[in-house]
Amino acid sequence: MFWRSVVGKLWVTILMLVCFVLFILTVLLLQFFENYHLVEAEDELVQSAKKVTEIVEEYDNRELALDIIDHVVDSSTRVLVLFEEEDAWLSSEQGNSNVPPIDASWVKNNEALARVMEGEEVIKQETSIPKTDTNILIVGTPIEQGSAVYMYQDLTFVEQTSAQTTKIIFLGAGIAVILTTIFAFFLSTRITSPLIKMREGAFELARGEFNTKVPILTHDEIGELAMAFNRMGRQLKFHINALSQEKEQLSGILRSMADGVITLNRNGEVLITNPPAAQFLHAWEYETGKVMLPNEAYLPEPLQQLLDQVVTAEEEGMAEYTIQGRSWVVIMTPLYNQSYVRGAVAVIRDMTEERRLDKLRKDFIANVSHELRTPISMLQGYSEAIVDDVAESKEEKNELAQIIHEESLRIGRLVNELLDLARMEAGHIQLNLEQVHMQPFIERIVKKFHGLAGERGVTLNLSLADSASRTSCMDPDRFEQVLTNLIDNAIRHSYENGVVKVNAFVDQKQVVIAVQDEGSGIEEEDLPFVFERFYKADKSRKREKGKSGTGLGLAIAKNIMEAHQGTISVHSKIGEGTTFTCKLPLQDEC
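Residue numbers for the sequence shown follow the UniProt record's numbering, beginning at 1 and rising by one.
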């Protein structure tokens with residue numbers, strides 16, 4: 001803390017000493033100036049009283065004398081002249097209006113002031129005027145036996161002067177304290193600056209900053225200490241430089257590796273790791289629920305068993321683990337120290353992508369084989385029937401040839417859809433964008449399916465909101481392919497006498513088209529996969545006549561919508577039906 005530092009202690013000591021001296025000096029000055037202003041006021045009144053006495057003695061005309069007195073006396077002072085005749089007195093009316101006048105009777109009744117009329121020298125007195133709260137300073141001087149001049153002044157003027165002086169003293173004391181604070185802080189900082197620099201240099205050395213140098217600000221003992229400190233830093237840098245270079249080289253290699261690397265000793269303590277290895281350990285921590293403390297790296301139990309095996313057998317070991325849905329292959333190699341194994345280094349490779357690609361390749365081959373097997377078998381069987389003259393009549397041969405033709409068309413569609421999907425997923429899809437009026441476009445597509453819906457006993461309804469009469473930029477052929485697929489699926493998977501609804505409207509600058517059927521619905525666990533290749537949620541009917549497909553239509557529809565910067569989603573309930581929703585952003589320009 002600042003108060004515990006040398007700077008703080010020195011600064012506070014100087015500040016407290018100066019504040020104490022200023023406090024004593026301020027008290028003495030206030031007392032001095034308070035008495036000084038009062039004495040000055042008394043002296044001024046005495047001098048003025050003597051002048052008035054001379055004027056009264058010089059002029060016999062009392063009215064003229066009073067007029068002269070009013071011009072001579074200061075405006076803040078009042079004058080009262082008492083003569084030896086009883087009730088004969090003169091009072092100045094041009095003085096300070098804030099000081100009420102006093103009469104002769106009050107003066108005569110004041111024992112001290114009455115002595116002035118008896119010829120006693122100057123009398124000074126601080127008193128208050130009767131029936132008022134005004135405090136005055138009054139001075140009396142004798143003229144002749146039985147006569148006197150009295151001058152009085154409001155003490156408020158003296159108090160105001162003292163208050164102004166007090167403000168000046170306090171202001172000066174405050175400025176002195178501020179200047180002392182700045183000076184003390186500067187002085188203490190100047191004295192302790194080398195020590196602070198050495199402290200900071202020591203902390204930097206502790207953090208490994210061996211290039212740190214402490215500036216030599218003085219040539220006394222502190223300067224010699226700074227020189228010794230710099231020499232120590234150079235020696236530490238010289239001895240540790242080689243180790244630091246090797247460490248940085250090793251650290252750079254480990255950081256640049258895509259695979260995780262963990263260096264272990266015989267006891268299973270983790271010595272060195274890189275970011276991929278740390279990711280592996282944190283995934284294992286989350287999997288097992290064990291909380292890892294800060295700066296702690298523990299070895300999971302399966303890896304500990306592999307380490308024991310490697311240390312014991314003194315040969316390389318390999319194992320594969322699945323953590324948080326990712327596949328990791330660990331290859332552990334022993335490290336030798338002359339005659340025995342001192343530890344091991346484990347290389348951890350994330351094989352998730354390779355495993356996924358292998359699975360995709362296997363699934364793709366299996367799906368394509370599955371889809372091609374049935375039509376090829378039918379082609380082979382019916383062609384053999386024709387070759388072997390199983391069909392004797394021309395009508396039977398034409399029927400078999402028609403089946404062969406349909407199956408060949410089915411194989412062609414499958415191959416074309418596979419090619420389209422491959423191009424789309426590779427980002428090679430090309431859109432022929434143009435402005436399309438949505439209402440006639442959707443009506444035309446729905447109209448094509450009235451015949452198929454009638455054959456299936458399904459009612460096809462179209463609901464177009466007024467907002468759907470907008471135009472938007474799209475590829476009409478590709479978007480028609482999406483709607484055709486959705487409406488065809490809805491009709492083919494609806495029950496007889498069911499209803500298929502196509503609703504279109506504009507919501508938040510996007511066209512929303514929903515295709516809803518009243519079929520059997522899709523299982524909840526199948527919903528996340530309906531847009532994958534070859535995925536068929538209705539497995540019980542996938543070969544049912546009129547309802548079979550390649551399993552690629554929804555995957556193609558999803559890619560087309562994404563190419564239009566749109567989305568496609570599905571909601572379904574078993575026994576209630578399925579709703580596919582397409583959202584296409586409205587674009588006024590292509």
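Don't be surprised by glycine CBs; every beta carbon is placed ideally from N, CA and C.
A buried status is given to residue 564, since no fewer than 16 other beta-carbon atoms sit within 10 Å of its beta-carbon. Residue 472: member of the beta strand (DSSP E) spanning 471 to 474, first to last residue. Judged by DSSP in its simplified three-state form, residue 509 adopts coil rather than helix or strand. Remark: fewer than three beta-carbon pairs, one from each stretch, lie closer than 8 Å, so the region 252 to 265 and the region 211 to 228 are not flagged as touching. If you draw a straight line from the Cα of residue 570 to the Cα of residue 507, it comes to about 18 Å. Distances from the alpha-carbon of residue 339 to those of 301, 311, 332 put 311 closest. Looking at the DSSP output, residue 166 shares a beta bridge with no other residue. For the pair residue 304 and residue 350, the Cα-to-Cα distance works out to about 19 Å. Excluding its 5 nearest sequence neighbours in each direction, residue 453 has C-beta neighbours in its own chain below 8 Å: 459, 460, 491, 500, listed in chain order. Here the alpha carbons of residue 369 and residue 388 stand approximately 27 Å from one another.
Taking C-alpha positions only, residue 142 is separated from residue 151 by approximately 12 Å.
In the DSSP assignment, residue 580 forms a beta bridge with 515, 570. Distance from the CA of residue 528 to the CA of residue 355, rounded to the nearest whole angstrom, comes to 21 Å. Per DSSP, the beta bridge partners of residue 150 are 80, 140.
By the beta-carbon neighbour count (other beta carbons within 10 angstroms, threshold 16), residue 207 is exposed.
In this structure, residue 442 lies away from residue 401, with their beta-carbon atoms at least 9 Å apart.
Here residue 329 carries a strand assignment [DSSP, helix/strand/coil]. Its chain contains 472, 474, 510, 511, 564, 566 as the residues whose beta carbon lies nearer than 7 Å to that of residue 584, once the 5 sequence neighbours on both sides are disregarded; these appear in chain order. In the pairwise beta carbon analysis, the region 53 to 68 is classified as not touching the region 196 to 214: fewer than three pairs are separated by under 8 Å. At the C-beta level, residue 69 and residue 183 stay beyond 9 Å of one another.
Counting only the Cα atoms, residue 149 lies some 41 Å from residue 171. Of the residues assessed, residue 252 falls on the exposed side of the cut-off, its CB having fewer than 16 other CB atoms within 10 angstroms. Contact annotation, residue 436 with residue 476: C-beta distance approximately 5 Å; criterion of less than 8 Å satisfied.
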